[in-house]
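So the structure is just underneath, and the comments pick up after that.
In the working numbering, the protein residues as written are 7 to 255.
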């Protein structure tokens, strides 16, 4: 189950993000694992997939590194801080906010079929960089605290706020997502929360899925990514909605 979840999660993450939606629940089913260990081990597995897909995108799409790299560095710091908070703050506190944000994202994307088809940057120079850094800090912090849907939020932010195509947005999101995973691992690894053997097995499956997903996204283009994006957002809404109701039941 872990191998299959890792393979599928790597593919989903490479296309639009959100692979943690599948991977994290499967890890939570491992006997004796704690929620923090599952979150930490998920990060280790995911970093292999995001590295593979980021390299694949870079070699074929040539994403805008002048935006992606500064954004990634800030996101790394946000993720490290979020990982600290994750050991203190119940996820139930954050889920309602994320659920509302996903509903808004789904409606916004579905209502604008032209969104992400062509690049039309909305900001220039320092303002563009400042907005990118803010996005990186906020989503990086979320990734450290909870995780699932991070790549999805990165893609829609790069597309809807900054003005990139879905293909360019996905390519840059992989670079940022790689750094957010590294930021969380920088905290979780020394603190002993990561199950190394399980995480490495998960990482191999993520690498294969990440490579296949990135190749398919590049071949199919922004239209394909938009469709997968909407499907993943819908599933995220259903999953987090179910968790929210179950927590209150």
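Every residue, glycine too, gets a C-beta built ideally from N, C-alpha and C.
Hey, out of 62, 57, 22, whose CA is closest to residue 212's CA?
By one-based count along the chain shown, residue 212 stands at place 206. Of the listed residues, the one whose Cα sits closest to residue 212 is 57.
Determine whether the beta carbon atoms of residue 52 and residue 220 lie at a separation below 8 Å.
Numbered from its first residue, the chain shown carries residue 52 at position 46. Numbered from its first residue, the chain shown carries residue 220 at position 214. It is not a contact, given that the beta carbons lie outside the stated cut-off.
Does the beta-carbon distance from residue 228 to residue 164 come in below 8 Å?
By one-based count along the chain shown, residue 228 stands at place 222. By one-based count along the chain shown, residue 164 stands at place 158. Their beta carbons are not under 8 Å apart, which means residue 228 does not touch residue 164 by this criterion.
Would you call residue 47 buried or exposed, if buried means 16 or more other Cβ atoms sit within 10 Å of its Cβ?
Numbered from 1 along the chain shown, position 41 holds the residue referred to as residue 47. Its Cβ being crowded by 16 or more others within 10 Å, residue 47 is buried.
Tell me whether residue 2 is buried or exposed, calling it buried when 16 or more other Cβ atoms sit within 10 Å of its Cβ.
Residue 2 lies beyond the stretch modelled for the chain, which goes from 7 to 255, so this question has no answer here.
Between the C-alpha atoms of residue 91 and residue 197, what's the straight-line distance to the nearest angstrom?
Position 85 of the chain shown, counting from 1, holds the residue named residue 91. Position 191 of the chain shown, counting from 1, holds the residue named residue 197. Those two C-alpha atoms are separated by around 14 Å.
Specify, as a first and last residue, the run of the alpha helix (DSSP H) that residue 41 falls within.
Residue 41 sits at position 35 when you count from the first residue of the chain shown. Note, residue 41: alpha helix (DSSP H), 41-67.
Start-to-end residues for the alpha helix (DSSP H) that takes in residue 76:
As a first step, residue 76 must be located in the chain shown, where it is residue number 70. Its alpha helix (DSSP H) spans residues 71-92.
Residue 217 lies in the alpha helix (DSSP H); which residues open and close that run?
As a first step, residue 217 is located in the chain shown; it is residue number 211 there, counting from the start. 202-226 is the span of the alpha helix (DSSP H), which, as asked, contains residue 217.
Assign residue 16 to buried or exposed, taking buried as 16 or more other Cβ atoms, counted over all protein chains shown, within 10 Å of its Cβ.
Numbered from its first residue, the chain shown carries residue 16 at position 10. Residue 16 is buried by the Cβ-count criterion.
My understanding is that residue 24 touches residue 150, with C-beta atoms under 8 Å, so please give their C-beta distance in whole angstroms.
Here residue 24 refers to the residue found at position 18 when the chain shown is read from its first residue. Here residue 150 refers to the residue found at position 144 when the chain shown is read from its first residue. Not quite, the Cβ-Cβ distance comes to about 17 Å (not below 8 Å), so this is no contact.
For residue 234 and residue 20, I'd like the C-alpha separation in whole angstroms.
Stepping through the chain shown from its first residue, residue 234 is reached at position 228. Stepping through the chain shown from its first residue, residue 20 is reached at position 14. Going from the Cα of residue 234 to the Cα of residue 20 covers about 11 Å.
Could you pull out every residue in the same chain whose Cβ sits closer than 8 Å to the Cβ of residue 247, ignoring the five residues on either side in sequence?
Position 241 of the chain shown, counted from the start, is the residue given in the question as residue 247. Hits under 8 Å: 105.
Looking only at C-alpha atoms, which of 139, 88, 189, 203 sits nearest to residue 71?
The residue labelled residue 71 in the question sits at position 65 within the chain shown. Selected option, being the one with the closest Cα: 139.
Cβ-Cβ separation, residue 204 to residue 32 (assumed contact under 8 Å), whole Å:
As a first step, residue 32 must be located in the chain shown, where it is residue number 26. As a first step, residue 204 must be located in the chain shown, where it is residue number 198. 11 Å between Cβ atoms; not a contact.
Cα separation between residue 245 and residue 109?
Here residue 245 refers to the residue found at position 239 of the chain shown. Here residue 109 refers to the residue found at position 103 of the chain shown. Between residue 245 and residue 109, the alpha-carbon positions lie close to 12 Å from each other.
Out of curiosity, what's the CA-to-CA distance linking residue 93 and residue 141?
One-based indexing of the chain shown puts residue 93 at position 87. One-based indexing of the chain shown puts residue 141 at position 135. Across the structure, residue 93 and residue 141 are spaced so that their CA atoms are roughly 23 Å apart.
Nearest neighbour of residue 152, chosen from 29, 61, 171, 217 [CA to CA]
As a working note, residue 152 is residue 146 in the chain shown. The option with the nearest alpha carbon to residue 152 is 29.
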